[in-house]
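Asker: In this text, residue positions in the sequence shown follow the UniProt record's numbering: the first is 1, and each later residue adds one. Quick one: this structure, given as structure tokens, is what I'll be asking you about.
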Amino acid sequence: MVARVVIAAPGSGHGKTTVAAGLMAALKARGIDVSGHKVGPDFIDPSYHALATGRPPRNLDPFLQSEELLVPLLLHGAGELAVIEGVMGLFDGALGTEGFASTAHVARLLDAPVVLVVDASAASRSVAATVLGFAKYDPRVELAGVILNKLGSQRHEDEIRSAIAPTRIPVLGALRRTDDIHAPSRHLGLVPVAERAAESQRLLPHLAAWVAAGVDLDAVVGVARGASRLSGRPWSPPVSWEGPRKVVAAAAGEAFTFRYTETVELLSAHGIDVVDVDPLRDKALPEGCAGLYFGGGFPEVHVEELSANVPLREEIASAVHSGMPVVAECAGLLYLCRELDGQPMVGALDATAHMRKRGALGYRRAVAPAAHLLGDAGSRVTGHEFHRTEVLPRHGANPAWEWDGSAEGFATPTLHASYLHVHWAGHPSLARRFADAVHRYE
Numbered sequence: 001m002v003a004r005v006v007i008a009a010p011g012s013g014h015g016k017t018t019v020a021a022g023l024m025a026a027l028k029a030r031g032i033d034v035s036g037h038k039v040g041p042d043f044i045d046p047s048y049h050a051l052a053t054g055r056p057p058r059n060l061d062p063f064l065q066s067e068e069l070l071v072p073l074l075l076h077g078a079g080e081l082a083v084i085e086g087v088m089g090l091f092d093g094a095l096g097t098e099g100f101a102s103t104a105h106v107a108r109l110l111d112a113p114v115v116l117v118v119d120a121s122a123a124s125r126s127v128a129a130t131v132l133g134f135a136k137y138d139p140r141v142e143l144a145g146v147i148l149n150k151l152g153s154q155r156h157e158d159e160i161r162s163a164i165a166p167t168r169i170p171v172l173g174a175l176r177r178t179d180d181i182h183a184p185s186r187h188l189g190l191v192p193v194a195e196r197a198a199e200s201q202r203l204l205p206h207l208a209a210w211v212a213a214g215v216d217l218d219a220v221v222g223v224a225r226g227a228s229r230l231s232g233r234p235w236s237p238p239v240s241w242e243g244p245r246k247v248v249a250a251a252a253g254e255a256f257t258f259r260y261t262e263t264v265e266l267l268s269a270h271g272i273d274v275v276d277v278d279p280l281r282d283k284a285l286p287e288g289c290a291g292l293y294f295g296g297g298f299p300e301v302h303v304e305e306l307s308a309n310v311p312l313r314e315e316i317a318s319a320v321h322s323g324m325p326v327v328a329e330c331a332g333l334l335y336l337c338r339e340l341d342g343q344p345m346v347g348a349l350d351a352t353a354h355m356r357k358r359g360a361l362g363y364r365r366a367v368a369p370a371a372h373l374l375g376d377a378g379s380r381v382t383g384h385e386f387h388r389t390e391v392l393p394r395h396g397a398n399p400a401w402e403w404d405g406s407a408e409g410f411a412t413p414t415l416h417a418s419y420l421h422v423h424w425a426g427h428p429s430l431a432r433r434f435a436d437a438v439h440r441y442e
């Protein structure tokens, strides 16, 4: 039995991540084995979940993983109590789909009760109308309570509580405005924990205490434990390798913070030991390295330091040119270019990259135009883009993917570099193809 609760909001900016991470930390401080899960493809919010829980970050996304996999993936990664942080507003999903992949959609698939976090800083009795509207909008979603956030005073709180009372929706918490607790943001959301590790560690106890003081933790636990029993078996990566294991170097550190936990689990099941390498500081690839994985992140923030690490850049370029299998997503794509914002990078791709004002953000349905490292010609994946950069040319002679009538990325039998983030639990053949290539590499 997995107790579970979804932390949602009317929209972005209401404090979901702060409240969810604080709730996780407060429950952990009580001795509860709590796990954090994020609705949608985001990499950054889960880094705060991992800090608060001490467990690997997890995502739940029916577009990237399929509706059928959500319960198995939750059971695979859940602790005694799962706190599931929503995305955007409760009912906001992929455009043109009537809410597919929304927080409400995921809550329905997981049969999980929802607690709504509402920023009350600029309203009083009108908050009750918001809460009531969200409770009645979709009767398939159980709105089990509300947490009032950014309150100005006791009178402010009392006024809102009195307005909500006739709705019979429990107020499970009331949190005052505070300047002491905040998470810095960047153009695509919060700043990842890895870039502010010491500050985040110092903040965590204060965040837990703030939530514990303002939220009825017993009531929230009661809501979570009141969820129905889930049927189904936990997801597990298929163990398919019994021979000698190979090493894949995976970019990590402050510049490369985007990686799904299941990627490592799938590769491990296929006989791969994933070893972290920090392109900002490490001067060489690990001994016995037979493959390279470059996930996402913010290399543009650390471009000068990345460029200055010449020994590692040169070794990576040599490895790529030798035919070592390499997968690069988004930040990895930028790192493999000749230059990023005028600074020399690895140079394995005949392309340049630069920052731009307009961002690319959204789900994609992609197809492989020809056979490459990760798939046969015509193979299809779901993924998402999440960046504010541009690579020129957009694709090589052999593109990695095509979507919406446009080609993108670079692909060869041993290299796959693209802006597209793909969750390999939803497409496990990608992990198998990459692992097989690594095992063949000598």
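Yeah, the Cβ is synthetic: ideal placement off N, Cα and C, and Gly gets one too. These figures come from a predicted structure and were not determined experimentally.
Can you tell me the Cα-Cα spacing of residue 228 and residue 140, whole angstroms?
Answerer: Cα-Cα distance, rounded: 14 Å.
Asker: Got a sec? Which residues, its chain only, sit under 7 Å from residue 252 by beta carbon, not counting five neighbours each side?
Answerer: Once the five neighbours on either side are set aside, the close Cβ partners of residue 252 are 276, 277, 278.
Asker: Is the Cβ-Cβ distance between residue 410 and residue 312 less than 7 Å?
Answerer: Not closer than 7 Å, so no.
Asker: Based on DSSP bridge pairs, tell me the residues matched to residue 344.
Answerer: Looking at the DSSP assignment, residue 344 forms a beta bridge with 339.
Asker: Once you ignore the five residues that flank residue 375 on each side, which residues in its own chain have a CB closer than 8 Å to its CB?
Answerer: Cβ neighbours of residue 375 beyond the five flanking positions: 368, 381, 429, 430, 433.
Asker: With respect to the alpha helix (DSSP H) encompassing residue 77, which residues constitute its N-terminal and C-terminal limits?
Answerer: Unbroken alpha helix (DSSP H) run through residue 77: 70-77.
Asker: Excluding sequence positions up to five away, which residues of its chain have a Cβ less than 6 Å from the Cβ of residue 121?
Answerer: Hits under 6 Å: 150.
Asker: Can you have a look at residue 178 and say buried or exposed, based on whether 16 or more other CB atoms are within 10 angstroms of its CB?
Answerer: When all chains shown are included, residue 178 counts as exposed.
Asker: Residue 318 to residue 267, Cα distance in whole Å?
Answerer: Computed Cα separation, rounded: 23 Å.
Asker: Rounded C-beta distance between residue 320 and residue 415? I'm assuming under 8 Å.
Answerer: Rounded, the Cβ-Cβ distance is 6 Å, consistent with contact.
Asker: Which complete beta strand (DSSP E) runs does the stretch 259-335 hold, if anything under 3 residues is left out?
Answerer: For the stretch 259-335, whole beta strand (DSSP E) runs of length 3 or above, ordered along the chain, are 272-277, 289-294, 326-329.
Asker: Does the separation of the CB atoms of residue 52 and residue 9 fall below 7 Å?
Answerer: For residue 52 and residue 9, no; Cβs fall outside 7 Å.
Asker: Taking only runs of the beta strand (DSSP E) that begin and end inside the stretch 104-151, which ones reach a length of at least 3 residues, in chain order?
Answerer: Complete beta strand (DSSP E) runs here, min 3: 114-119, 143-151.
Asker: Mark residue 102 as exposed unless 16 or more other C-beta atoms lie within 10 angstroms of its C-beta, in which case mark it buried.
Answerer: Label assigned to residue 102: buried.
Asker: For residue 412, which residues from the same chain have a beta carbon less than 8 Å from its beta carbon, with the 5 sequence-adjacent residues on both sides left out?
Answerer: Cβ within range, chain order: 372, 373, 398.
Asker: How far does the alpha helix (DSSP H) with residue 432 in it reach, from first residue to last?
Answerer: It spans 428-440 - the alpha helix (DSSP H) in which residue 432 sits, taken as one unbroken run.
Asker: Expressed to the nearest angstrom, what Euclidean distance is found between the alpha-carbon atoms of residue 270 and residue 424?
Answerer: Using only the alpha carbons, I get a separation of about 13 Å.
Asker: If you compare alpha carbons, which of 387, 338, 332 is closest to residue 357?
Answerer: Checking every option, the nearest Cα to that of residue 357 belongs to 387.
Asker: Between which two residues does the alpha helix (DSSP H) carrying residue 159 extend?
Answerer: Note, residue 159: alpha helix (DSSP H), 154-164.
Asker: Is the stretch 289-301 touching the stretch 333-347 in the sense that three or more CB pairs, one from each, lie closer than 8 Å?
Answerer: With the cut-off at 8 Å, the stretch 333-347 and the stretch 289-301 touch.
Asker: Classify residue 451: buried if its beta carbon has 16 or more other beta carbons within 10 angstroms, exposed otherwise.
Answerer: For the chain, the structure presents residues 1 to 442; residue 451 sits outside this window and is missing.
Asker: Could you check if residue 1 is buried or exposed, using at least 16 other CB atoms within 10 Å of its CB as the buried criterion?
Answerer: The residue is exposed, with fewer than 16 neighbouring Cβ atoms inside 10 Å.
Asker: Going by DSSP, what residue range makes up the beta strand (DSSP E) through residue 382?
Answerer: Note, residue 382: beta strand (DSSP E), 380-392.
Asker: Which whole-angstrom value describes the C-beta separation of residue 60 and residue 39, a residue pair presumed to lie in contact below a C-beta threshold of 8 Å?
Answerer: Indeed they touch by this definition, with Cβ atoms about 6 Å apart.
Asker: Going by Cα to Cα distance, which pick from 77, 378, 6, 62 is closest to residue 35?
Answerer: Among 77, 378, 6, 62, the Cα nearest to that of residue 35 belongs to 77.
Asker: Please find out if some non-hydrogen atom of the ligand MG comes closer than 6 Å to the beta-carbon of residue 410.
Answerer: This structure lacks the ligand MG; in fact it carries no ligand of any kind.
Asker: Which residue comes first and which comes last in the alpha helix (DSSP H) that contains residue 44?
Answerer: Element bounds for residue 44: 44-53.
Asker: Which value, in whole angstroms, describes the spacing of the CA atoms of residue 322 and residue 437?
Answerer: Straight-line Cα distance between these residues: approximately 13 Å.
Asker: Please classify residue 22: does DSSP put it in a helix, a strand, or coil?
Answerer: Correct three-state label for residue 22: helix.
Asker: Which residues does DSSP pair with residue 84 in a beta bridge?
Answerer: Paired residues: 6, 37.
Asker: Find the nearest neighbour of residue 220 within the set 133, 3, 92, 327, judged by alpha-carbon distance.
Answerer: Cα-wise, what sits closest to residue 220 is 3.
Asker: Determine which residues share a DSSP beta bridge with residue 403 and list them.
Answerer: Paired residue(s): 406.
Asker: Quick check: the Cα distance between residue 148 and residue 300, rounded to an integer number of angstroms?
Answerer: Distance between the alpha carbons of residue 148 and residue 300 is about 37 Å.
Asker: When we look at the beta-carbon of residue 145 and count the other beta-carbons within 10 Å, is it buried (16 or more) or exposed?
Answerer: So residue 145 ends up on the buried side.
Asker: Would you check if the distance between the CB atom of residue 157 and the CB atom of residue 174 is smaller than 7 Å?
Answerer: In contact: residue 157 and residue 174 (Cβ atoms closer than 7 Å).
Asker: Are the beta-carbon atoms of residue 325 and residue 441 separated by less than 7 Å?
Answerer: Contact flag set, yes.
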